[in-house]
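*Asks:* Chains A and B, in that order, are what the protein sequence lines are. No gaps in the numbering here: position 107 of the first sequence is 118 in the working numbering, and each next residue is one more. No gaps in the numbering here: position 144 of the second sequence is 159 in the working numbering, and each next residue is one more.
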Amino acid sequence: MHIGVKSEMGASVGVGGLVIGMSMLVVFSMAYQAISLQIDSGVDRIENADEPAPSFAIDDAVMFTGAVVDVTVASGGAGYSSGGTIEASSGTGGFSATYTIDGSGAIISVVITSHGNYSSPPALVVNNGGTPTSNASLNAVLGNVLYANLTNTGSTTINHDDVWVFLDGQNATQFSSVYNPPLTNLWFSGETLFLDWFDTGLPGNERMAVSVGSTTVAHGLW
Amino acid sequence: MIMLITALLISGGASALLLSEWSDAVRVVQINEQASNNKDDVSVALAGDPAMVAHNTTANTITLYFLNTGSFDLDTSNYEVLIDGAAPTSSTESVLPSGTAWNPGDLLEVVLTDSGWSYSDGEDISVYFVGVSERINGYTHSATASAEVRLNAFS
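1. Going by DSSP, which residues form a beta bridge with Arg165 (chain B)?
2. Is His171 (chain A) helix, strand or coil when you go by DSSP?
3. Along the chain, where does the alpha helix (DSSP H) that runs through Met16 (chain B) open and close?
4. Is the stretch 153 to 161 of chain A close to the stretch 211 to 221 of chain A, with three or more CB pairs under 8 Å?
5. Could you spell out the range, first to last residue, of the alpha helix (DSSP H) harbouring Val81 (chain B)?
6. By the 8 Å beta-carbon criterion, what residues does the stretch 119 to 132 of chain B contribute toward chain A?
7. Identify whether Gly28 (chain B) lies in helix, strand or coil by the three-state DSSP scheme.
8. Helix, strand or coil: which one does DSSP assign to Gly32 (chain A)?
9. Would Thr227 (chain A) count as contacting chain B if we go by Cβ distances under 8 Å?
10. Tell me the rounded alpha-carbon separation between His126 (chain A) and Trp175 (chain A).
11. Have a look at Ile119 (chain A) and Pro103 (chain B) and give me their C-alpha separation to the nearest angstrom.
12. What are the uninterrupted segments assigned as alpha helix (DSSP H) that are 4 or more residues long and contained completely in the stretch 84 to 152 of chain B, given in chain order?
13. Any beta carbon from chain A within less than 8 Å of Tyr94 (chain B)'s own beta carbon?
14. Looking only at C-alpha atoms, which of B:Ser161, B:Asp56, B:His70 sits nearest to Trp132 (chain B)?
15. Could you have a look at Asn155 (chain A) and say whether DSSP puts it in helix, strand or coil?
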């Protein structure tokens, strides 16, 4: 009798222990899943908040509406030597260009190095181009040139494709389509980019605005 | 012995059921949490010069630019722009630089038309935009942007 009571008590304690142990395992499992969820959610939010907003400045911006944006070669002439420059025959507009020649010394292409600014198309001459046997006929085409310096003042690296340029609030233009980067398409923190945007007609001449993400900065063109 | 086995079976079954239900609950919470996280990645911003918003007084149009600043595509056919709280009579849109999908980083050029406008050059107006994302894991999320802008009127 005494042994039977002890045996029943032992079985009850054993069953109770097993039930409690299983319950604890269940609670532990539930707690583990809940904590995992919280950690995943927290990590996602931290990653989302990781990237600060872009920050940049337009240091200066100016537009010349009488700039030489192209030179057409009506006649390349003959007998020119390489190494000379093409300049305006008079005035202080500031135009300058280099050229390439073919085997006969005819000018076949022109690379503008300084657009200058004029009220009417200047006459062009070749300086230090040797002794031509036939003079070239070169015509200046006037248009607009926008010069601007932009500095990335934030801590994020900005892709040129993410930068949009507006003139007088119109004609959204992707920065990468008007800026020729030397090597990369990235705008690093602290880097200043010099924009030399020229065309026969730009869509505005009062204000320039640049948008990157939710950040927009504008500057008058003077 | 019978009591022990019975107790183990009952508590084991109850545990399995409880764990299964709890897993389902956690999965639902996870899906909603993911949807909430995705919503944080759906955003839009007004782009362009806020001091020179093009207003053609001849064609009665206002041209605005909205940038997809989120991580998911936005729907170009399901949006509304309010000017001073009122919807214009019509609007057309195009994605820049190209294409028809309004991807992250792309601009949406919106040309609004309303013959009832009588705004002057230099006048400030209130712009409100609301749009929705494409479907993300079965959910769509809204994105809004609002700003005060100055009109650059021309004819």
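Even glycine gets a Cβ: it sits at the ideal position worked out from N, Cα and C.
*Replies:* Based on what the coordinates show:
1. According to DSSP, Arg165 (chain B) bridges with B:Asp139.
2. It is helical.
3. For Met16 (chain B), there is no enclosing alpha helix (DSSP H), as DSSP marks it with neither H nor E.
4. The answer is yes - the stretch 211 to 221 of chain A touches the stretch 153 to 161 of chain A, with three or more Cβ pairs under 8 Å.
5. According to the sequence shown, residue 81 (chain B) is Phe rather than Val. Premise fails: Phe81 (chain B) lies in the beta strand (DSSP E), 76 to 83, not in any alpha helix (DSSP H).
6. Those would be Gly120, Leu122, Glu124, in chain order.
7. Three-state result, Gly28 (chain B): helix.
8. Annotated three-state conformation of Gly32 (chain A) is helix, per DSSP.
9. With its beta carbon less than 8 Å from one in chain B, Thr227 (chain A) belongs to the interface.
10. Taking the straight line from one Cα to the other gives about 24 Å.
11. So the two alpha carbons sit approximately 54 Å from each other.
12. Those alpha helix (DSSP H) runs which fall completely within the stretch 84 to 152 of chain B and span 4+ residues do not exist here.
13. Output row for Tyr94 (chain B): interface = no.
14. The candidate whose alpha carbon is nearest that of Trp132 (chain B) is B:His70.
15. If DSSP states are grouped into helix, strand and coil, Asn155 (chain A) belongs with the strands.
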